[in-house]
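Undergrad:
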Amino acid sequence: MSDIFRRDPRAQWIARNRLHPLHQAVATGPVYGPSGLLRKNPHLVGFIGSNGLKRIDRSGVSDHGELGGRRQAASTNVVSLPLHQVPEPAFYIMVVLDLVSGRLNGHDKDTLGLAQQLANRHHGDGAVVAVAFGELKEQSLAQAGVDRLIHFNSDTSSHYNPEQRCHDLITVAAKFDPQHILLPDSINGGGDLGRRLAVKLQQRPVCGIWKLNGDTVICRGSAGKSDITRALSKVMLVLEECSEPISETLHENSLIPFGSDEPITTKLHDRGNISVDPNAIPLAEAGFILSGGNGINDWAQFHHAASVLRATEGASRVAVDDGNMPRERQVGATGTWVSAQVYIAVGISGAIQHMQGIGQCDKVIAINTDDGCDMVKRADLSAIGDSTEILKRLVELVEQRQQESSNE
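Each residue of the sequence shown is one higher than the last, beginning at 1353 in the numbering used here.
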């Protein structure tokens, strides 16, 4: 027998593919280089790279290596999570949630994770109070790290009204006197609202925060090319992946009655939403995407279904290479990374590049004939069967509901 160390190419491929059923068994073992030296595996969750960033798992893979939607993973873990309670908080950390479409997105969860870090810095006697505006559909606030909740849900809070929201936040801040007020530095309202709030409070905000470092924060500068160390401030605008989301504790999420928000005279008036072509919305900004792959047999029906559902069209690389969809519609690591609230994958098996591109999507729905494909394993909801028949029935149900609504 030769003493030359030999690598297993298949095992190395499985170790890189987190969606493979044997990934956990292979990835947790030692990885050796061609010379036989032990290598660090940068694909493992929790790996800290040379830039100091820790790898965060957003694939929906559970701790036991089973693939499933985030809803299934959360439902199995909630029962065993320890309850974190702060009956008499020594201080508060206030978080203003974006709540796109009434639900938490990844940016909100990361912001809550950073808020819990700040609340637990000194003996763990701080509490995170979250402020929500408008409709609230989220059911997992306790799992996300919310100790106290203040919900403004009047007519003045249900639409774009930054002046009113800023006034309400000042009222909340005056009552709770939080040490820090955190907002997502996003285009969904947190960035604009945070800067308005800082001006009203006469505070200098810290923007672009991506890491907490003791009593200082590290911010991104020069379009993300340099790091700036800043002291903690009253108002802080944080970037996505500034912290790991809360996953190991269950929090109280107790609702604090705060009365109705007092209407004020504003200079801005929301004239409501206007109807636009869903395909005019860039894929990276679309909230509802219907994506087609190699399993689509009737592309005319696919386009009609997207029109009825008012969804932005996407496609897999195979569908683009075959000429069925334009290149700008390609979803995945080699196309466009998307962060839709709802992503429907029709006839897409789930190549690793495509799965990487939809990693930020909230809810994934799979329509496929193969109940063992990676997309079905990743999906929160799956429909197994012929895509033509399923889309036909879906369109009929939507058109029927629209007809009933118009008759009311």
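We put the beta carbon where it would ideally sit given N, CA and C, even for glycine.
Taking the beta strand (DSSP E) that residue 1564 falls in, what are its first and last residues?
TA: 1558 to 1565
Undergrad: Taking the beta strand (DSSP E) that residue 1727 falls in, what are its first and last residues?
TA: Premise fails: residue 1727 lies in the alpha helix (DSSP H), 1726 to 1730, not in any beta strand (DSSP E).
Undergrad: Can the beta-carbon of residue 1702 be found closer than 8 Å to that of residue 1371?
TA: yes
Undergrad: Can you check whether the CB of residue 1518 is closer than 8 Å to the CB of residue 1563?
TA: Residue 1563 places its beta carbon 8 Å or farther from that of residue 1518.
Undergrad: Just tell me which of 1666, 1679, 1676, 1704 has its CA closest to the CA of residue 1694.
TA: Closest by alpha carbon: 1666.
Undergrad: List the whole-angstrom C-beta distance separating residue 1712 from residue 1458, where the pair is believed to meet the contact cut-off of C-beta under 8 Å.
TA: With 8 Å as the limit, residue 1712 and residue 1458 qualify as a contact, their Cβ atoms being about 6 Å apart.
Undergrad: What three-state label does DSSP hand residue 1428 in the structure shown?
TA: The predicted position of residue 1428 is uncertain, since its pLDDT is 39 and thus under 50; a value taken from the coordinates is nonetheless stated next. Three-state DSSP puts residue 1428 in a helix.
Undergrad: Restricting to runs no shorter than 4 residues, where is the alpha helix (DSSP H) found entirely within the region 1436 to 1467?
TA: Listed in chain order, nothing qualifies, since the region 1436 to 1467 has no complete alpha helix (DSSP H) run of 4 or more residues.
Undergrad: With a 10 Å radius around its C-beta and 16 neighbouring C-beta atoms as the bar for buried, classify residue 1658 as buried or exposed.
TA: buried
Undergrad: Which value, in whole angstroms, describes the spacing of the CA atoms of residue 1423 and residue 1717?
TA: Any reading at residue 1423 must be qualified, since the residue scores a pLDDT of 40, below 50, and its modelled position is unreliable; the value itself is stated next. Answer to the nearest angstrom: the Cα atoms are 12 Å apart.
Undergrad: Take residue 1728 and list the residues in its own chain whose beta-carbon comes closer than 6 Å to its own, dropping the five residues that flank it on each side.
TA: 1718, 1720, 1734
Undergrad: Would you kindly work out how many angstroms separate the C-alpha atoms of residue 1654 and residue 1452, rounded to a whole number?
TA: 27 Å
Undergrad: Would you report the Cα separation of residue 1615 and residue 1508, rounded to the nearest angstrom?
TA: 7 Å
Undergrad: Taking the alpha helix (DSSP H) that residue 1524 falls in, what are its first and last residues?
TA: 1514 to 1528
Undergrad: Assuming residue 1558 and residue 1585 are in contact, meaning their beta carbons sit under 8 Å apart, how far apart are those beta carbons, in whole angstroms?
TA: 4 Å
Undergrad: Give the single residue among 1501, 1742, 1599 whose Cα lies nearest to the Cα of residue 1606.
TA: 1501
Undergrad: Once you ignore the five residues that flank residue 1426 on each side, which residues in its own chain have a CB closer than 7 Å to its CB?
TA: Bear in mind that a pLDDT of 38 at residue 1426, under 50, signals an unreliable position, so the number given afterwards is only what the model happens to contain. For residue 1426, where only same-chain residues beyond five positions count, the Cβ hits under 7 Å are 1492, 1495.
Undergrad: Taking residue 1599 as the reference, give the member of 1644, 1618, 1462, 1635 with the closest Cα.
TA: Closest by alpha carbon: 1462.
Undergrad: By the 10 Å Cβ neighbour count, where 16 or more other Cβ atoms means buried, how is residue 1608 classified, buried or exposed?
TA: exposed
Undergrad: Would you kindly work out how many angstroms separate the C-alpha atoms of residue 1581 and residue 1569, rounded to a whole number?
TA: C-alpha separation (whole angstroms): 6 Å.
Undergrad: Need the endpoints of the beta strand (DSSP E) that residue 1617 sits in, please.
TA: Segment: none, residue 1617 is in no beta strand (DSSP E) and carries neither H nor E.
Undergrad: Looking only at DSSP bridge pairs, what is residue 1757 linked to?
TA: DSSP, once it has assigned bridges, lists no residue as partnering residue 1757.
Undergrad: Could you spell out the range, first to last residue, of the beta strand (DSSP E) harbouring residue 1532?
TA: That run of the beta strand (DSSP E) goes 1532 to 1536.
Undergrad: With a 10 Å radius around its C-beta and 16 neighbouring C-beta atoms as the bar for buried, classify residue 1554 as buried or exposed.
TA: exposed
Undergrad: So, residue 1541 versus residue 1510, is the Cβ gap smaller than 8 Å?
TA: no
Undergrad: With 16 other CB atoms within 10 Å as the buried threshold, where does residue 1649 fall?
TA: exposed
Undergrad: Work out the CA separation of residue 1478 and residue 1528 for me, nearest whole Å.
TA: 12 Å
Undergrad: Around the Cβ of residue 1597, are there at least 16 other Cβ atoms within 10 angstroms (buried) or fewer (exposed)?
TA: Burial of residue 1597 is indicated by the presence of at least 16 other C-beta atoms within 10 angstroms of its C-beta.
Undergrad: Please check the pair residue 1690 and residue 1731, which I expect to be a contact at CB under 8 Å, by giving their CB distance rounded to whole angstroms.
TA: Contact flag wrong, Cβ pair sits at about 15 Å.
Undergrad: How would you call residue 1362, buried or exposed, if buried means at least 16 neighbouring beta carbons within 10 angstroms?
TA: exposed
Undergrad: For a test of the three-state rule: what should DSSP assign to residue 1572, helix, strand or coil?
TA: strand
Undergrad: In or out: residue 1698 buried (at least 16 other Cβ within 10 Å) or exposed?
TA: Residue 1698 is buried by the Cβ-count criterion.
Undergrad: Taking 7 Å as the cut-off, is the CB of residue 1706 close to at least one heavy atom of the ligand ATP?
TA: In the structure on display, the ligand ATP does not appear, and there are no ligands present to speak of.
Undergrad: What are the residues that DSSP puts in a beta bridge with residue 1665?
TA: 1642
Undergrad: Where do the ends of the alpha helix (DSSP H) carrying residue 1500 lie?
TA: No alpha helix (DSSP H) contains residue 1500, which is instead part of the beta strand (DSSP E) from 1500 to 1504.
Undergrad: Reducing DSSP to helix, strand and coil, say where residue 1585 ends up.
TA: In the structure shown, residue 1585 sits in coil (DSSP, three-state: anything other than H, G, I, E or B).
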